[in-house]
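From first to last, the protein sequence lines are chains A and B. The first sequence begins at 1 in the working numbering and counts up one residue at a time. The second sequence begins at 582 in the working numbering and counts up one residue at a time.
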Amino acid sequence: MSYRTTLPPLDLDLDLEALEKAVALTRRERLVRCVDRATVRGRRGWRDLVLVSVLTLVAGLVHARGMYRSPARFDDEGTYTAYAWAVPNMHKLSHYTYWYAHPPLGQLQMAAWNVLTDAFARLPYAVATGRELSFVYKLVAVILTYVLARRLGYLRVTASIAVVLFSLSPLAVYFQRTALLDNLVTPWLLGSFALAASPRRSMSAAAGSAVCFAVAVLTKETALLFLPALLVVFWQHSDRRNRRFTTVMLLGVMMLIGLFYPLYALIKHELLTGPGHVSLQWAITWQLSGREGSGSVFDPGSTAHAVAHSWVVQDPISCVVAVACVVPGLVLRRTRGVALALAVQLGSLLRNGYLPYPFVVAMIPFAALTVAGVLDALLRLGGLRPTSWRGAVPLALRHTAGHPWRMTVAWLAVASIVVFTVLAWSPWRRGLTDLWTRDSDAGKASALAFLRSTATPNDVLVVDDAFWVDLVRSGHPRAKVIWFTKLDVDRDVKLPGRQPWRDIDYILIDQQDALSVHLNADWTPSKDTELLYPTLGRALAHSSVVASFGTGLNRATVFRVHGGTARKAVPAVSRAPGRRP
Amino acid sequence: MLVDAFLGGYLLCTLLLLVVALSTLAWMVDSWRTPESLAETRFPPPDEPCLSFSLLVPARDEETVLAHTVNRILEQDHPDFDVVIVVGDDDDATAAVARALAEEHPQVRVAVDASPQKNKPKALNTGLRVCTGQVVGVFDAEDEVAPSLLRHVDACFRATDAHVVQGGVQLMNFQSSWWSLRNVLEYYFWFSSRLHLHARKRFIPLGGNTVFVRSDLLRQVSGWDPECLAEDCELGVRLSSRGARVTVAYDAALATREETPPTLGGLFRQRTRWSQGFVQVLRRGEWRRLPTRHQRLMAAYLLVMPFLQAFAGALIPVAVVCMFVLRAPDPVVLATFLPLVPTLVTIGVEVVGLQQFGRDFGVRVRVRDYVVLVLGTLPYQIVLAAAAVRATVRELRGDGSWEKTSHVGAHRTAGRSSAQEAVR
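The following block contains the structure:
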C-alpha cells in the first residue's frame, strides 16, 4: 500500500471545452475497455461457445426434422392453439369461457408468436404454430441447460452429456415437439435456475431469476413444484455479504408478479366461488382434489401405469438411469438442487393423483442434469478432468497411477458411459428414425381435409380440439364448430333445438377421443357415453361413419349425423382409457 | 373519447410511477448489487497522515451541544488539523461557549459571521476565509465524529486522487418515534448505497457535513452559494459540472452520528428547506453544464425527485378510486398495479436494511420496529409530499428564509444506550 504523500496540483479545468474533451476521452476509454473485456471473455470461453453452438445445431436438426408429422396432433395441443388464436382474434383468453384451467401467460406467449410471425398463414395446420414455438423454446432451453450445467460446476464434457440427454433422447424429442404449455415452461425454469446460480451473485441476477420463475409459474402452475429446488440452488450460490438483499429481491419479485394472477381473477370478480360464474378458487380446488386420480403407477390396470409406461417404453435405459441417480444426486452438493427438482417430480408421481400425459416434460431437463452431474462427480473422483482433449489420456494415466481406487472409479465412469451408449444406441436410433420419417399425422390431416371439402359453412361440426382453429380459419362460423368436450359442459356452447343432438351435422374425433368418451370398439356409444355426454352420445347413436383415416390411436373418423333409428348401445368397456403412447 | 384520453393519461402516470419506483429501488440497493461492490464502498486502509485539515463547525443557538461536539472532534488521532467555529454576531450564548473552547484549546479558533441575514452557507464562507488547511471539512454543531475519521479521509484523498471526499452520516435515534425510524433508514441507504452510485456516475449532491473538499478548489469556485437553501447539494452539483472527482466512503464505525429533528414539524420544515433548495438548484441550471446527457438527465431527475414523490403520493388515492370505479379494460387495470411491485419490494429491502443497520451499528432492533417501519411507509411519504408542495409554494412566493433545525442531543443517548442495552 503506497499512496501519494501530498495532494497533486489542482487539475480541474473550469473551461468547458476542455471538460468535454476529457469526457469524450473517457467515453473512448470505456469503449476500449468494453472491447477488451469481450475479448478476454471470448478467449476464456471459446470452447464453451463452440460446444454449445454445435450442440444447439444438432439438437435443432434432430428436433425439427419431421416435427409437424410426428407425433400426430392431439386435443390438448389444439386447446392451447385455440386459446392463443382467441387472444388476437377475439381479444379474450379463450374462445369459450376462460375458467382458470391454467394461468394465461402460456397462450399469451403463443399468441405473441403467432401475431409477430404471422404463423397461422405460414404453417401447414393450426397446431403447427404451437409446435414451431416449442421448437424455438427448445433451442433456448438447450443453451440454458448447458449454461446451468456449467454454472453448477460441471465439466464441459458432462455439461454436453446433460444437453445430449435433454435434447436427443427419443422420449424428450417426442414430447418436446408438442404444442404444450410444459414446453413453454422449460426455458423459463432453466433460465430461473441459471440466474439463481449466477457467479456474480448480483441483485439483478436474483431479480431476473425471480421474474423467470414467475413467468414459468404463470405459464403453467405446476412449475411451482420447482420452488424448493430453486431455493436450494440459489442458497448454494449466494454470498453471505449480500445474501439478505438478494433473498428479499428473489422472493419479493417472484411473489408479487405471481400475485397478478389472483389479482386478475379479483378484477374480474372471479377470485372466489360464487353462483353463476367460474372462479380461480374452484379451478384450484378442482385441480388439487376434484379430478379423478389416475391410480398407482405400480398398478398395471391403472391409467397412471399406462401413462408412465408410455414414457418408459420410448427410452427405458435413460429412465432407469435417471431414477437410479436421484439419491446420489441428492447427496452430492453440486447436483443437490437439480436432483431435488427431479425427486419432487418423482414424488408427485407416487401420490396417485391425476397424472397428466405430458407430466414427464418438466422432469427431462432435471433428470438429464442429475445424471450428468453424478457422472461428473465420478469423473472428478477418478481424477479425470480433461482440460483439453489432447492431454486427457496421459493426464488421466498420471493421476490414476498408484491410486487403485481412483483407477477403479475412473474406469467405472468411462465404462458407464460406454455401457449406456451401447444400451441406448438401438432404442434411440429406432425412436429417432421413427420421429424423423413416420407421418403419424397423415390420418388426421386427411380427415380434416375430408371434412373441409364435405361440410358447408351452415353445418354444425363437433370436433376434436386439434381441428377447431383450422376449421374456423377455413370459413366455418365459430358458433358452428364445437369442441366435443365442451358440448355437455360449457354454458357458452348451447345448441338451440329441443333435441340439441339433431342440430349436429358432422362429428370428427380420433381414436383417443373415442376412448375418452367411452365409445365401444365398433364406434357405437356405450352406456357411459350416454350418461356422461348425453348430447354427443345421442348424436353418435344417430350417425354413421362416412370416412376414417389413419391407424391405431391416431385414427381419425368422420361421422355424419342423421335422423332415424339409433345404433345399439352396449355396456361400456370397463378399463379406464389410457393415453396415446 | 374523454374516457380514453383519461385512461391514456392515467397509464402514462402509471408508467412514470413505475420508473420512479424502479429507479428508487435500484439506487437504494446499489451497494449490495454484488458481494464485491459492497467492499468498494469502504474507506481505503489508512497510512501515515500527510495532509492538513481545517474543520468548519457553523453553530447557531447550539450552546448546549457545541462544547461536547468540539471536544469530541479534538479527540481525532490526526496530527495536523484545526477547528474553526463560526458563530453569528447576534448569538452571544453560543459565541461564549466557542470562545471558552478557543481559550482552552490552541487548535480551536472562532470566526464571527456579521452578515445581516444569517444562514449556513454564509457562515461557511466566513469560516473558509480563515481556513489554513489543505483540506476543508464541515461538521454540524451536534455531530458525534468518529476519532479516527481524519486519518482515513487523509489516506482516501491520496489513494483516490479525489477532489472531494464524502464520509458517512448516520441518524441514530431510530426508536424515538415512528417517523424517526424511517428518517434513520433513509440516511442509512443514502450514505451507504445511493451516494456511491452518484459518485460513480460523477454527478453527486453532497451531504451537509462530514464532507471534505480541497481548499484550493473550494476557493477557486468561491465557496458555497450564500443564497441557496440546500448549499450542500448546490456545491455538489457545481463541482460535478466542473468535472470534480468525488469519493464517497462509508464505514459504520466511521460514520458521523446525528439525531433526527426533534419533532415531526421540525422534520417537515427541514424537508421543505431541502426540497426548496433542490428547486433553487434546478432553476439555477448549473446542472445543464454537466458534460454527458446521461448525467444531465440524472441531475434533473434527482432534483425533481421530491416533486415526483409528492405526485406519487397524490396518485395513490386516485389509484384506489380508479380500482373500484373505473370501468377500464382488464389489462389496463392490471398495468396500474405494476408500480406496486417495485414499491413493495422496496419495503422488503427496507426491512432487511433495518436488520443490517442494527448489525452495522450494534443496536438491537425490536420486532416492534419492523412493524412500525412497514406501517409508517405511507404516512411518511405523505409528510414528504406535503413538504415538497410547501416548498414549491414558498419558492413561487419568493420566500427563501432559512428554517433552522434545532438539536437536543437524542443521538448521544441512543448511541450510548445501545451498549448498555446489550449488557442488560
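Ideal placement from N, C-alpha and C gives every residue a C-beta, glycine not left out.
query = For the 8 Å Cβ check, are there 3 or more pairs between the stretch 734-749 of chain B and the stretch 784-791 of chain B?
reply = At 8 Å Cβ cutoff, the stretches touch.
inquiry  = With H, G and I counted as helix, E and B as strand and the rest as coil, what does DSSP make of ARG200(A)?
reply    = The answer is coil: DSSP assigns ARG200(A) none of H, G, I, E or B.
ask   = Under 9 Å between C-beta atoms, does SER202(A) make it to chain B?
value = Contact with chain B is found for SER202(A), since one of that chain's Cβ atoms lies less than 9 Å from the residue's Cβ.
task = Count the other CB atoms, across all protein chains shown, that sit within 10 Å of the CB of ASP611(B); report buried if there are 16 or more and exposed otherwise.
result = If you draw a 10 Å sphere on the C-beta of ASP611(B), you find 16 or more other C-beta atoms in it, and that means buried.
Residue environment, PHE135(A), which counts as buried when at least 16 other CB atoms sit within 10 Å = Label assigned to PHE135(A): buried.
query = By the 10 Å Cβ neighbour count, where 16 or more other Cβ atoms means buried, how is ASN114(A) classified, buried or exposed?
reply = With 16 or more Cβ atoms within 10 Å of its Cβ, ASN114(A) is classed as buried.
task = Measure the alpha-carbon distance for TYR125(A) versus ASP470(A) and round it to whole angstroms.
result = Spanning the alpha carbons of TYR125(A) and ASP470(A) requires a straight line of approximately 7 Å.
inquiry  = Rounded to whole angstroms, what is the Cα-Cα separation between ALA466(A) and LEU180(A)?
reply    = Their Cα atoms are separated by approximately 12 Å.
task = Please state whether DSSP places SER167(A) in a helix, a strand or coil.
result = For SER167(A), the secondary structure class from DSSP, reduced to helix, strand or coil, is helix.
task = Find the residues of chain A that neighbour TRP613(B), judging by a C-beta separation of less than 7 Å, and give them in chain order.
result = Ordered by position in chain A, the residues that pass the 7 Å Cβ test against TRP613(B) are MET203, ASN242 and PHE245.
Counted within 10 angstroms of its Cβ, other Cβ atoms place MET582(B) as buried (16 or more) or exposed = Burial is judged here by how many other beta carbons sit within 10 angstroms of a residue's own beta carbon; MET582(B) has fewer than 16 and is exposed.
ask   = Cα separation between ALA991(B) and GLN345(A)?
value = One C-alpha to the other measures close to 57 Å.
task = Alpha carbon to alpha carbon, how far is LEU863(B) from THR873(B)? Give it in angstroms, no decimals.
result = Between THR873(B) and LEU863(B), the C-alpha separation is close to 17 Å.
request  = Would you check whether the ligand ADP has a heavy atom nearer than 8 Å to the C-beta of THR433(A)?
outcome  = Of ligands this structure carries none, so the ligand ADP is not represented either.
message = Taking 6 Å as the limit between beta carbons, can you name the residues of its chain near LEU582(A), skipping five residues before and five after?
response = For residue 582(A) there is no data in the structure shown, the boundaries of chain A being 1 and 581.
query = Just checking, does the stretch 592-602 of chain B make contact with the stretch 905-925 of chain B on the three C-beta pairs under 8 Å criterion?
reply = The stretch 592-602 of chain B is in contact with the stretch 905-925 of chain B.
query = Within this structure, are the beta carbons of ARG438(A) and GLY66(A) separated by less than 9 Å?
reply = Yes, Cβ-Cβ distance for ARG438(A) and GLY66(A) is below 9 Å.
N-terminal and C-terminal residue of the beta strand (DSSP E) that SER318(A) is part of = Where SER318(A) is concerned, there is no enclosing beta strand (DSSP E), although the alpha helix (DSSP H) it sits in stretches over 316-331.
request  = Quick one: give me the first and last residue of the beta strand (DSSP E) that THR557(A) is part of.
outcome  = Counting along the chain, the beta strand (DSSP E) containing THR557(A) begins and ends at 556-561.
Whole-number beta carbon distance between GLY957(B) and LEU762(B), since they are thought to touch under 8 Å = Right, their Cβ atoms sit about 7 Å apart.
key: Helix, strand or coil at LEU180(A) according to DSSP, with G and I counted as helix   = In the structure shown, LEU180(A) falls within a coil segment according to DSSP collapsed to helix, strand and coil.
query = When the Cα atoms are used, what is the spatial distance from ALA539(A) to VAL312(A)?
reply = Linking ALA539(A) to VAL312(A) through their CA atoms gives a straight-line distance of about 38 Å.
ask   = According to the neighbour-count rule (16 or more other Cβ atoms, all chains shown, within 10 Å of its Cβ), is GLN937(B) buried or exposed?
value = Label assigned to GLN937(B): buried.
ask   = Mind checking if ARG28(A) is an interface residue toward chain B, Cβ cutoff 9 Å exclusive?
value = Residue contact with chain B for ARG28(A): absent (no Cβ-Cβ distance below 9 Å to any residue of chain B).
query = Under the three-state reduction of DSSP, which class applies to TYR125(A): helix, strand or coil?
reply = Residue state, collapsed to three classes: coil.
request  = Determine the burial state of ARG838(B): buried for a count of at least 16 other Cβ atoms within 10 Å of its Cβ, exposed for fewer.
outcome  = Flag for ARG838(B) reads buried.
ask   = Across which residues does DSSP place THR837(B) in a beta bridge pair?
value = DSSP lists VAL750(B) as partners of THR837(B).
query = In chain order, what residues of the same chain lie with their CB nearer than 7 Å to the CB of LEU49(A), ignoring the 5 residues before and after it?
reply = Nothing listed; no residue qualifies.
message = According to DSSP, is LEU636(B) part of a helix, a strand, or is it coil?
response = Strand, per DSSP.
query = Which residue from GLU840(B), ARG800(B), ARG852(B) and GLU867(B) puts its Cα closest to that of ARG823(B)?
reply = In this structure, GLU867(B) is the residue among GLU840(B), ARG800(B), ARG852(B) and GLU867(B) with its C-alpha nearest to the C-alpha of ARG823(B).
inquiry  = Under DSSP, the beta strand (DSSP E) around TYR506(A) begins and ends at which residues?
reply    = Per DSSP, TYR506(A) is one residue of the beta strand (DSSP E) stretching across 506-510.
key: Closer than 7 Å at the beta carbon, the chain A residues around ASP742(B)   = Taking a Cβ-Cβ cut-off of 7 Å, the neighbours of ASP742(B) in chain A comprise PRO8, given in sequence order.
ask   = Whole-angstrom Cβ separation of TYR96(A) and ASP488(A), contact assumed at under 8 Å?
value = ASP488(A) and TYR96(A) do not touch by the CB rule: their CB atoms are close to 13 Å apart, not below 8 Å.
inquiry  = Looking at chain B, is there any beta carbon in it that lies within less than 9 Å of the beta carbon of PHE260(A)?
reply    = So yes, PHE260(A) belongs to the interface.
key: Spatial neighbours of PRO960(B) in its chain, beta-carbon cut-off 6 Å, leaving aside the 5 residues before and after   = Here the set comprises nothing.
ask   = Taking Cβ to Cβ, would you say GLY431(A) is nearer than 9 Å to PRO199(A)?
value = At the C-beta level, GLY431(A) and PRO199(A) stay beyond 9 Å of one another.
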